[in-house]
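A.B. asks:
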């Protein structure tokens, strides 16, 4: 299988190859099935997709309402799907506001909506981020350059089960006249995870 | 507090124990803890952590009510 983590060293690549050989030998999957999943993910998975979802939510209040009610169904309006990966997962979009800031973590490993964000950045998988953001999120966000007002409530979402979280950042002021593709250009991957504002 | 019922999903503990042979469906909830509940001390940090937990991970309490 192609290495979707990109940065993996040869030790990791070797381990992946051995695990892959073992699961194929055990009849759990086939080489072709694995390649198909990775191909679909590699072709589609990118933070650009998450940015498109956010730009649509900023531009279309009806879409925003549908997104926060049932994100899996809403993103299909944009031709996106949470069924592209190896297993379908539930998607939940959480909205930043003037008083609430959301940030996503997977304390167990590195779960997040890959099809909307692309492969996770190295820091997202790092034990330091995973342990500290649930203990001192304000300090961790400050280290990312995101200084929140002391009165802003932070909600940390730990993807510990079957739901994957997508942060919808606050729309920047002065962007009222921008169209959807231009708005999408403003949205970064860190903004979609919640370690940055937009 | 429980903030959300997410549906029924197979309990991962049983999936692992039976190497994927047994799917035991159980209700899954989003459960929100304030910083003070989680880490102790006074609740001045103004943050919460929401964790997704299967029903059998939870203990019933007189104080906690489903929202």
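Protein chains in written order, with this note's numbering: chain A, 140 to 337; chain B, 26 to 92. Where is the CB? At the ideal position from N, CA and C, for every residue including glycine. This one's a predicted model, so the numbers in the text were calculated from it and none came from an experiment.
Check each candidate in 55/B, 37/B, 86/B, 34/B and name the one with the smallest Cα separation from residue 27/B.
C.D. replies: 55/B
A.B. asks: Please say whether residue 229/A and residue 301/A have beta carbons closer to each other than 7 angstroms?
C.D. replies: yes
A.B. asks: I believe residue 211/A touches residue 307/A by the beta-carbon criterion, under 8 angstroms. Please report the beta-carbon distance rounded to the nearest angstrom.
C.D. replies: Between residue 307/A and residue 211/A the Cβ distance is about 15 angstroms, and since that is not below 8 angstroms, they are no contact.
A.B. asks: Our contact map puts residue 280/A next to residue 242/A with C-beta atoms below 8 angstroms; I'd like the distance itself, whole angstroms only.
C.D. replies: 7 angstroms
A.B. asks: Where does residue 278/A fall in DSSP's three states?
C.D. replies: helix
A.B. asks: Check the Cβ of residue 172/A against every Cβ in chain B and list those closer than 8 angstroms, keeping chain order.
C.D. replies: Those do not exist, as residue 172/A stays about 16 angstroms from chain B at its closest Cβ, beyond 8 angstroms.
A.B. asks: What residues of chain A sit near residue 71/B, judged by a beta carbon separation below 9 angstroms?
C.D. replies: 277, 289, 290, 291, 292, 293
A.B. asks: Work out the CA separation of residue 250/A and residue 259/A for me, nearest whole Å.
C.D. replies: 8 angstroms
A.B. asks: Starting from residue 34/B, find everything on chain A with Cβ-Cβ shorter than 9 angstroms and list it in chain order.
C.D. replies: 229, 300, 301
A.B. asks: Residue 74/B touches chain A at which residues, Cβ-Cβ below 7 angstroms?
C.D. replies: Result: 273, 295, 297.
A.B. asks: Kindly list, in the order they appear in chain A, the residues whose Cβ is closer than 9 angstroms to that of residue 77/B.
C.D. replies: 296, 297, 298, 299, 300, 301, 302
A.B. asks: Taking the DSSP output, what are the residues bridged to residue 78/B?
C.D. replies: According to DSSP, which records beta bridges pairwise, residue 78/B is partnered with 54/B.
A.B. asks: Secondary structure at residue 38/B, three-state DSSP: helix, strand or coil?
C.D. replies: Residue state for residue 38/B is assigned as helix, using DSSP reduced to three classes.
A.B. asks: List, in chain order, every chain A residue whose beta-carbon is nearer than 7 angstroms to that of residue 53/B.
C.D. replies: 300, 301
A.B. asks: Strictly by DSSP, which residues pair up with residue 30/B?
C.D. replies: 54/B
A.B. asks: For residue 254/A, which of helix, strand or coil comes out of DSSP?
C.D. replies: helix
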